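Taking it in order: structure first as structure tokens, then the write-up.
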Amino acid sequence: METALSEITLVLFTTLGPAGAVAYGLMTLPLIVKGQEMETASRVRLDRFLCIPIVVAMVGLVASATHLGNPANALYVITGFGRSPLSNEVVWGVVFLGAAGVFWLSAFSEGKPRVMLRRIIAAIISVFGLVFTGAIALAYDAGTILTWNSLFTPVTIWLGAFAGGALLALCGFRFAGFFTEGHRLGFGYLILAALAFLGALTAYLLWNAALPELQNALTSAADLAPAFGLMTGLFGILGAAGWLLALKAVAWKGEAPLWIPVTSAGLMLAGIFLMRFQFYLIHMTVGL
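Set out below in structure tokens:
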């Protein structure tokens, strides 16, 4: 518990960072695919509300900076790019958020928008977001940490990113007043969120079943996180409730009340946060 509490800012980072990055890509997808075909007012609103996933991801990255101790240590993090998993995730986070922030600010320009150029730039930044998420997923690939050296680690980060990111993107669409004919894009994102959520839930159930077999000379992983199974169940309840609220928001005739998509994304992210906390609880090295 002490280890997990000391890493609470990293729990926040690995919850919000990937979800914000994926949500950014999903929110820009209509701009990338149908840029010139969209109405100017609709495109501008969507552009400007990209601040939602950017802020979410930024909160996660800023929270992780508390582990640097001294701001001057950021220089050492940058110099480790390419050889240190920690450096890789931080640098890609800065690249993604820096580019996304500049792109968002450019949406307020009064000049004539270059739609094709913006489509290309939005696609590149979305790729940066995916690379950032991948860097986070690979940062915990440590052979000396028995419980983290598992396929479950990157899989659950990726699935959590798409489950939380899809609902966060729908929340952003609602703020922007953006809808597709028949809410087709919204229902598509609901399917994506459902598949990612069910995949993550299955992965956590399998991980929980494997914990008793993960042992060192002192204890087993199951003893370190005795509530892992209970928290997995709570994750299932929170995620399912968030998804059902998102379904209600998408199916709403007209614009759903803001509290529905906001609560929807919040519930899913809360469930992911719980399981990320459990992840740090099962920290167990091979030796003593």
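Following the numbering used here, the numbering of the sequence shown begins with 223 at its first residue and continues without gaps. Just so it is clear, CB atoms sit at the ideal spot from N, CA and C, and this is done for glycine as well. Remember, it's a predicted structure, so these values are computed and weren't measured experimentally.
Residue range of the unbroken alpha helix (DSSP H) whose run includes residue i
{"i": "residue 450", "result": "450-473"}
{"i": "residue 411", "result": "406-432"}
{"i": "residue 398", "result": "374-398"}
{"i": "residue 311", "result": "307-328"}
{"i": "residue 331", "result": "Element bounds for residue 331: n/a, residue is neither H nor E."}
{"i": "residue 252", "result": "230-256"}
{"i": "residue 275", "result": "273-286"}
{"i": "residue 268", "result": "262-270"}
{"i": "residue 339", "result": "337-360"}
Same chain, Cβ closer than 7 Å to residue i, five either side skipped, listed in chain order
{"i": "residue 483", "result": "392, 393, 396, 468 and 471"}
{"i": "residue 360", "result": "307 and 376"}
{"i": "residue 321", "result": "347 and 350"}
{"i": "residue 427", "result": "454"}
{"i": "residue 425", "result": "374, 377, 378 and 381"}
{"i": "residue 416", "result": "465"}
Neighbourhood of residue i by C-beta, 8 Å cutoff - its chain only, sequence neighbours within 5 removed
{"i": "residue 352", "result": "243, 244 and 247"}
{"i": "residue 288", "result": "231"}
Beta-bridge partners of residue i, as assigned by DSSP
{"i": "residue 367", "result": "507"}
{"i": "residue 442", "result": "437"}
Exposure label - residue i; buried when at least 16 CB within 10 Å
{"i": "residue 240", "result": "buried"}
{"i": "residue 229", "result": "buried"}
{"i": "residue 476", "result": "exposed"}
{"i": "residue 331", "result": "exposed"}
{"i": "residue 312", "result": "buried"}
{"i": "residue 262", "result": "exposed"}
Chain-order list of residues whose beta-carbon lies under 6 Å from that of residue i (same chain, five-residue window excluded)
{"i": "residue 254", "result": "341, 344 and 345"}
{"i": "residue 314", "result": "353, 354 and 357"}
With three or more beta-carbon pairs closer than 8 Å as the criterion, would you say the stretch 406-421 touches the stretch 266-274?
no
Taking three-plus beta-carbon pairs below 8 Å as touching, is the stretch 486-493 in contact with the stretch 453-467?
yes
With contact counted as at least three CB pairs below 8 Å, one residue from each stretch, are the stretch 439-447 and the stretch 370-384 in contact?
no
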